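Structure, as structure tokens:
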Amino acid sequence: TEMSKSKESRTFNISVVGLSGTEKDKGASGIGKSCLCNRFIRPKADDYHTDHITILSQIDFSGRVVNNDHFLYWGKTTKTTEEGQDCVFNVVEQTEFIDDATYQAHRISVPQHYIKRAAATRLASAEKLMYICTDQLGIEHDFEQQPMPDGKLIIDGFLLCVDVSQVAQRSMADQLKFTDKLFVQLNKSKKPILLIATKCDRADEQFLKDVQAFASSKKVNLPLLETSAQENINVSFAFMLLAQMIDKLKGKQKSIPYCEAAKQAKEFTQATTQKYEALLKHQVRDYHALWNFTRRKMEDFPEYKQMVDTLGLKKAEVSFKEHLRRLKIEHIEQKREEFLQTLPKAFESLVPDLNEIESLSLAEFLPLVQSKREFGVWFVELSDSPWSESRHIDLPNDKRVPLDFLKECGSNSFHSHVQMLQTLRKKAEMKEKFKQLLESSSCIFPGKPWEDVYSLTTIYSKECYQMISEKERIDIYQDIQKHKIEKAKNDQEMLLEHSETFADVDRNEAFNHDKIGEIMQDLEDDLRYKALRFVPAERDALILKHIFFVHHPTKESCFSRLGCVDLQVEQLLSNIVSKVGQRRTENLSDSRGEDKLGVFVFGKDGLGHELSREISRQSTGNKLNINDKNYALDLKVVDGDVAAFTTAMQNPCFNGRPGGYLCAFNSLDSLKCLTECLERMTNVSTGNRKDGLSGNIPIVLLLANHKDVANRTYPLLRQQAQQTANKYQVAFVDSSGDSVLKAFQEAQVKQALVHIATSCHQEVAPPKVIGRSDLTEADLYVTMCVMCGDPFTVDLVLTPFFESCFCTFGQPGQVDSVSLEMFLGAHRKKIKITVMSYHMATLRRDDLTHGHILVYSAKRKASMATMRAFLSDVPDVIPVQLVAITESQNEFFENAVAKELVSEGEHIASEIGGRFCTVPAQSHFYRQTEVFTPFFAEALEKRPLVEEEFCFDPTMNVSSEALNQSGTFSSSSLSDSDDDDCQPPYSPASDETQLLPNMSRSRPMDLEGNSLPVSSASLPHDSERNRKVLPPKPAKPAERLGVSKLDPKLIEKGQCHGPRQTVTAAAESMLPSGGWDPQSLAEPQ
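Residue numbers for the sequence shown follow my numbering, beginning at 28 and rising by one.
Okay, structure coming up:
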């Protein structure tokens, strides 16, 4: 049956033949028959052997592998054709084995010349085993034993091999002469023959031409295929081509020239190496990694398997070691940069006085800085110099700079510090001079923008402008303006508290008198608005200016100026890597009652008691000196009782004194026991604590020396212990390994006790945040909105994300978002949180988001009003999390405004089906990351619904490309339009403000970018979109104007235009006929 017509497997018995015999006959080496068979049957790199010896002893020749035959059975393998046909190959190699005693061919029962024997089509050898390699002979039971099928084979075709490389003691003419005789004999069998040129990777050009001429001669006329078993080129193709010749199919295998096949093989090898190196970069980030451990960890990765199969395990190990070498170099360079960045801070802390160091050289400066009290905080003297080879660079928590590094690389930093102090002194003088010039100027009015003052102040002092930066000049100007705009700020606050009145502003229309009159009518009941009736021009200008801001809500036009949330977020995220993790902890306090220390010791198999005895040995009468301070120790020991230890950790009791836990282990079993205790306690106490494992009570894992010095599990034990410590946020103290006579060393125990004593009186420092530059696409896109001018900093609401060890930051230019990796359900998800002001969120309200976190101040009504105005335009399907920021835990009960706004926020969340929480600004909010976990879970659950609505809503700025980036649908990262030099137009519907392609201008696309036939009736219009329905505002008590008497003339004058005037005369003078276009508005003088 033809291969193309049958899907059943077809078996082919192939015989590989060619020049064989003694060294005199075949030359110094064989022609490559064995390597060809080896590569085809076992193609993996580690299964490929180049040494196949034909000189055997009589014992090996009589073994079951050779079996007194001059042919080898290489086994069978299955290959699949392009048509899906399975082909099973049984491969034998006809050779000639030489007796190592006589150096003549081994005698067999029926002596035959090799040429006649190689042409045999019926082979029989009872109980003959598959040949694997030379090492197999004599110890067949240690290798796979696969017998030849039924002990006999009927040959279907021949591979006639010719070596085209140069071999000593063999000429091509002799080889071709032998091959010609062998061909004549093979041709008598009437079986298909394929001529194979072997070792083409080092072929002699003339030899190859001779073989080509031989193959194309009229007498031979055989197809010729160039191969290389060493490089695995055309090996499988040779057997598949012969199988096709046997079945005599009409179609032919697509033959590729050897050069092209070699090029493809080289490209495949390079691609395999690159993928493996990329895997190493992702999996191995510590240059201390061990090969055996890493190899086991990567066994399931296809890149590793392909590397091992293609190039072998040794090549994979070589690449691993080269990767470790590069990691070490990168680590040293990274530490160098860290030290260079730390030096200016150290100099600023130790020697801030210019007069002290202005005339010193670096050599004179070193004794001075070493005499400083806090020298040990910033620098460390190493005994194992140089610093690049010391263990100090491997201590992640020790940021101190080695003293020899200061001597070697600190000269430039020192001189830069001196120059900086000189510049600061001069700059301080210039700042004071500039401030005096501004204060004495008659051109500075309250609330006047810096842009209008800039041109006036440039003529004051060129020297000031050379020394003071633009930001510093703005800071000085803002400080001057702070007192002048206090009253105007209250007026702006009044308009912000009526944000819902301005929420319906249409950015595509020009405002007319009637619309402004409606706004003024809504403001009439506000006492602050009434208080401005005597200054109608300024009042109307204030309203028009606010309308302008509503039309053009950018950070440049924000009412908070430099306090705009968008600017704060940009600055915060730009500098966060250098700021987060550098919080200084307070020194150990020396208050009354802190000289007692409770220590709870736990271990198995006597380790607990042994550790307790070591602690007692180091103490004197239960008194132990730690950091030059005496502590009265209270030791409690639990040895082997896991339940008692778990109970003690869940209910810590140190009789009111500070204390901690020492957990000793010396095996994987004891470490596993500790891990289970920590996990159990974490699960039980998740809802009761917010400060991590055991609150502020320190836990130390202590590795004890093992009696067996050659214990091979110690590297793995150390690594797993460090991973456990990182996971549960506890400390780990390694064993010194200096002595095996003692389980615990004095320095090791002292280090653990110092950690407990220090941690008991120290503020918990935040974990280190590591920024990454190569971020992948997120699973969720969440928008966090914060009100500009609220009485708290932006980093307060962002700290829960910064303190997560899985927090990352955007690529350069993306300074408005952070990304989190956290488990939602059973899977780790990546969440991108874009932080912006409410006015920026309003401008970008048509961008795809899976949820909103709306933050407002519980003591500021404007913050609540702005949040309500924004929430009224949020689609109902999008999940919402409201966060009320209070000053303290008791503000709800002590402040009536806070109580009102917190209650209102909770009521809104209840009515719209959102979530609500309060956060005291004075609390450790960075320990409350779990507050947002239910909200993220809900957003993930509703993501398909949200994206479906946005996909088919023509008013949304979302494209099919953006939706393709997250699951079925997802949003792309939004570029920050505020980073552009020019301001965006007022109307977000214009071409220049489209952050993503607008689907309203084109037909909707499917996920592959094809147009979909959508009727206008099937698309939801803006008026039909389901929005959040907010409950009405709580009723306000009747307000009275806070004056005792009013001048009747003033009252009469105020009512001369009627009780509900549409617009004042001053406003009318500012509005052009036919309506007002906000793009033509200029700030009134």
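Where is the CB? At the ideal position from N, CA and C, for every residue including glycine. This one's a predicted model, so the numbers in the text were calculated from it and none came from an experiment.
Hey, out of the options, whose CA is closest to residue i's CA?
i           : options               : result
residue 525 : 499, 890 and 459      : 890
residue 674 : 933, 590, 704 and 282 : 704
residue 504 : 94, 460, 519 and 546  : 460
residue 937 : 108, 500 and 908      : 908
residue 649 : 625, 631 and 297      : 625
residue 872 : 652, 313, 977 and 96  : 977
residue 16  : 66, 700, 548 and 849  : Residue 16 is absent from the model: the chain starts at 28 and stops at 1112.
residue 629 : 105, 730 and 554      : 730
residue 53  : 124, 293 and 541      : 124
residue 434 : 425, 420 and 407      : 407
residue 520 : 747, 462, 888 and 478 : 888
residue 967 : 853, 324 and 939      : 853
residue 941 : 581, 902 and 632      : 902
residue 945 : 915, 974 and 922      : 915
residue 572 : 543, 783 and 309      : 543
residue 690 : 725, 658 and 740      : 725
residue 874 : 913, 816, 974 and 496 : 974
residue 272 : 632, 591, 186 and 100 : 186
residue 388 : 78, 437, 135 and 430  : 437
residue 640 : 905, 654, 820 and 663 : 663
residue 215 : 240, 253, 252 and 144 : 144
Check whether chain C comes within 9 Å of residue i, counting only Cβ atoms and requiring the distance to be less than that.
i            : result
residue 1061 : The chain inventory of the structure shown lacks chain C, comprising one protein chain alone.
So, helix, strand or coil for residue i, using DSSP?
i           : result
residue 856 : strand
residue 842 : coil
residue 596 : helix
residue 688 : strand
residue 908 : strand
residue 570 : helix
residue 224 : strand
residue 157 : coil
residue 521 : helix
residue 667 : coil
residue 731 : coil
residue 630 : strand
residue 864 : strand
residue 902 : strand
residue 120 : strand
residue 657 : strand
Is any heavy atom of the ligand SAM found at a distance shorter than 8 Å from the C-beta of residue i?
i          : result
residue 44 : Of the ligands one can find in the structure shown there are none, so the ligand SAM has no counterpart to examine.
My guess is that residue i and residue j are in contact by the Cβ rule of under 8 Å, so how many angstroms apart are they, rounded?
i           : j           : result
residue 728 : residue 751 : 7 Å
residue 507 : residue 464 : Not a contact, Cβ separation roughly 11 Å.
residue 141 : residue 47  : 6 Å
If we require 3 or more residues per run, which beta strand (DSSP E) segments fall completely within the stretch 38 to 111? The qualifying runs are 98 to 107.
Does the stretch 364 to 372 come close enough to the stretch 434 to 452 to have 3 or more Cβ pairs within less than 8 Å? Three or more beta-carbon pairs separated by less than 8 Å link the stretch 364 to 372 to the stretch 434 to 452, which places the two stretches in contact.
Tell me whether the stretch 216 to 226 and the stretch 65 to 83 touch, counting them as touching only if at least three CB pairs, one residue from each stretch, are closer than 8 Å. Touching, no, given that fewer than three Cβ pairs across the two stretches are closer than 8 Å.
Does the stretch 854 to 864 come close enough to the stretch 810 to 817 to have 3 or more Cβ pairs within less than 8 Å? Flag = yes, the stretch 854 to 864 and the stretch 810 to 817 touch.
So, do the stretch 50 to 61 and the stretch 184 to 199 have three or more beta carbon pairs nearer to each other than 8 Å? Because the criterion of three Cβ pairs below 8 Å is met, the stretch 50 to 61 and the stretch 184 to 199 touch.
Should the stretch 632 to 652 be called in touch with the stretch 769 to 786, which here means at least 3 C-beta pairs below 8 Å? They touch, by the three-pair rule.
Between the stretch 115 to 123 and the stretch 31 to 51, do three or more beta carbon pairs fall short of 8 Å? As far as the Cβ criterion goes, the stretch 115 to 123 touches the stretch 31 to 51, which means the pair count is three or higher.
Any chance you could list the alpha helix (DSSP H) runs of at least 4 consecutive residues sitting entirely within the stretch 356 to 403, in chain order? Note on the stretch 356 to 403: whole alpha helix (DSSP H) runs with a minimum of 4 residues are 381 to 384 and 389 to 397, in chain order.
Please determine if the stretch 61 to 77 and the stretch 257 to 273 are in contact, where contact requires at least 3 C-beta pairs separated by less than 8 Å. These segments touch.
Check whether the stretch 176 to 183 and the stretch 148 to 165 are in contact - that is, three or more C-beta pairs closer than 8 Å. Output reads yes: the stretch 148 to 165 touches the stretch 176 to 183.
Would you say the stretch 295 to 308 touches the stretch 334 to 346, given that touching needs at least three Cβ pairs under 8 Å? Flag = yes, the stretch 295 to 308 and the stretch 334 to 346 touch.
Restricting to runs no shorter than 4 residues, where is the alpha helix (DSSP H) found entirely within the stretch 229 to 275? Taking only runs of at least 4 residues, the alpha helix (DSSP H) segments lying wholly in the stretch 229 to 275 are 232 to 243 and 262 to 274.
Decide yes or no for the touch test of the stretch 747 to 762 against the stretch 689 to 707: beta carbon pairs closer than 8 Å, at least 3 of them. Flag = yes, the stretch 747 to 762 and the stretch 689 to 707 touch.
Below 8 Å, can you find three or more Cβ-Cβ pairs linking the stretch 127 to 146 to the stretch 159 to 170? By the C-beta criterion, the stretch 127 to 146 is judged not to be in contact with the stretch 159 to 170, since fewer than 3 inter-stretch pairs fall below 8 Å.
Any contact between the stretch 660 to 672 and the stretch 687 to 704? By contact I mean 3 or more CB pairs, one from each, below 8 Å. Touching, yes.
Can we say the stretch 311 to 323 touches the stretch 340 to 359, given the rule of at least three CB pairs closer than 8 Å? A contact exists between the stretch 311 to 323 and the stretch 340 to 359.
The stretch 194 to 208 / the stretch 239 to 248 touching (three or more Cβ pairs under 8 Å): Between the stretch 194 to 208 and the stretch 239 to 248, the count of Cβ pairs shorter than 8 Å is three or higher; the stretches touch.
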